[in-house]
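Visitor:
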Amino acid sequence: AQSVTQPDIHITVSEGASLELRCNYSYGATPYLFWYVQSPGQGLQLLLKYFSGDTLVQGIKGFEAEFKRSQSSFNLRKPSVHWSDAAEYFCAVGARGTGFQKLVFGTGTRLLVSP
Amino acid sequence: DSGVTQTPKHLITATGQRVTLRCSPRSGDLSVYWYQQSLDQGLQFLIQYYNGEERAKGNILERFSAQQFPDLHSELNLSSLELGDSALYFCASSTSAGTGNTGELFFGEGSRLTVL
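First to last, the sequence lines map onto chains Y and X.
Residues in the first sequence are numbered from 1 upward in steps of one, following the working numbering.
Residues in the second sequence are numbered from 116 upward in steps of one, following the working numbering.
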């Protein structure tokens with residue numbers, strides 16, 4: 001079964017600084033990988049996803065993520081953080097051939113943005 | 116706005132009671148997923164329905180049940196409630212259940228259940 005680890009529970013970044021949120025997955029084959037963002041009182045919104053092909057994936061709101069098979073990682077990055085990026089970020093992994101049933105989510109990383 | 120509607124947004128009830136959470140998926144989406152989000156367990160997959168049929172089951176307790184109706188809305192029934200059932204329950208929908216699925220789940224804003 002697949003699993004996801006987000007090692008950082010909280011991260012604080014200054015506004016304008018760069019951001020990297022870590023995600024490591026465990027799965028026997030090439031997985032489907034996702035990053036979702038949850039703002040307070042809101043549901044989860046998809047930022048980006050990786051299925052195949054180019055390992056650098058561009059998403060919404062200026063986010064990107066890079067799939068590194070050798071490291072089993074799918075880290076999320078943004079070159080310049082805005083105060084509105086403060087939210088909780090979830091990495092998720094889906095198994096191929098299951099129709100994305102049982103998407104497994106990490107425990108999330110809460111991003112705080114300081115002025 | 117994801118297009119997924121969940122009601123009620125907040126619910127407070129007592130232990131031992133039964134509640135029903137309702138979800139209307141995005142127009143055209145055939146798959147509905149239920150997730151439970153709690154502080155200690157994180158975001159846990161409960162169950163998935165596709166076009167009225169159960170497709171996958173996750174960490175759903177026997178006290179919980181769900182169904183998807185012909186109009187594709189879904190209900191999650193929670194019975195014999197315990198304090199530990201207090202959580203945010205999310206519904207998500209997607210276009211299909213098979214390999215043609217793009218993988219994007221569209222989440223509602225959740226139903227926050229508090230059991231006292």
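Cβ coordinates follow ideal geometry from the N, Cα and C atoms, glycine included.
1. L47(Y) versus chain X: which residues are under 9 Å apart at the beta carbon?
2. Applying the 10 Å Cβ sphere with the 16-neighbour rule, what's the burial state of R69(Y)?
3. With a cut-off of 7 Å, does the C-beta of G59(Y) fall near any C-beta of chain X?
4. For V104(Y), which residues from the same chain have a beta carbon less than 8 Å from its beta carbon, with the 5 sequence-adjacent residues on both sides left out?
5. Threshold first: 3 residues or longer. Then list the beta strand (DSSP E) segments lying entirely within the stretch 138-178 of chain X, N to C.
6. When the Cα atoms are used, what is the spatial distance from G137(X) to L158(X)?
7. I want to see whether chain X comes within less than 7 Å of L44(Y), judged by CB atoms only; does it?
8. Measure the C-alpha to C-alpha separation of Q45(Y) and G62(Y) and round it to an integer number of angstroms.
9. Taking 7 Å as the CB-CB limit, is F222(X) close to chain Y?
10. Below 8 Å, can you find three or more Cβ-Cβ pairs linking the stretch 106-115 of chain Y to the stretch 159-169 of chain X?
11. Report yes or no: do the stretch 116-126 of chain X and the stretch 47-64 of chain Y share at least 3 C-beta pairs separated by less than 8 Å?
Guide: Taking the coordinates as given:
1. Taking the first sequence and counting its residues from 1, one reaches residue 47(Y) at position 47. Simply none; closest approach about 11 Å.
2. Position 69 of the first sequence, counting from 1, holds the residue named residue 69(Y). Its Cβ having fewer than 16 others within 10 Å, R69(Y) is exposed.
3. For the purposes of this step, residue 59(Y) is taken as the residue at position 59 of the first sequence. Chain X, which has no Cβ nearer than 7 Å to the Cβ of G59(Y), makes this no.
4. The count along the first sequence starts at 1 and reaches residue 104(Y) at position 104. Closer than 8 Å at the Cβ level, and outside the excluded window around V104(Y), lie A1, Q2, S3, V4, A92, V93 and G94.
5. For the stretch 138-178 of chain X, the full-length beta strand (DSSP E) segments reaching 3 residues or more read 146-153, 157-165 and 168-172 along the chain.
6. For the purposes of this step, residue 137(X) is taken as the residue at position 22 of the second sequence. For the purposes of this step, residue 158(X) is taken as the residue at position 43 of the second sequence. The amino acid at residue 137(X) is misidentified as Gly; the sequence shows Arg. Cα to Cα, R137(X) sits roughly 19 Å from L158(X).
7. Here the question's residue 44(Y) lines up with position 44 in the first sequence. For L44(Y), the answer is yes, since a Cβ of chain X falls inside 7 Å of its Cβ.
8. Start at 1 with the first residue of the first sequence, and residue 45(Y) comes out as number 45. Start at 1 with the first residue of the first sequence, and residue 62(Y) comes out as number 62. C-alpha separation (whole angstroms): 14 Å.
9. Residue mapping note: residue 222(X) aligns to position 107 of the second sequence, counting from 1. Yes - at least one Cβ of chain Y is within 7 Å of the one on F222(X).
10. In this structure the stretch 106-115 of chain Y does not touch the stretch 159-169 of chain X; the number of beta carbon pairs closer than 8 Å is below three.
11. A contact is defined here as three or more CB-CB pairs under 8 Å, and the stretch 116-126 of chain X fails this definition with respect to the stretch 47-64 of chain Y.
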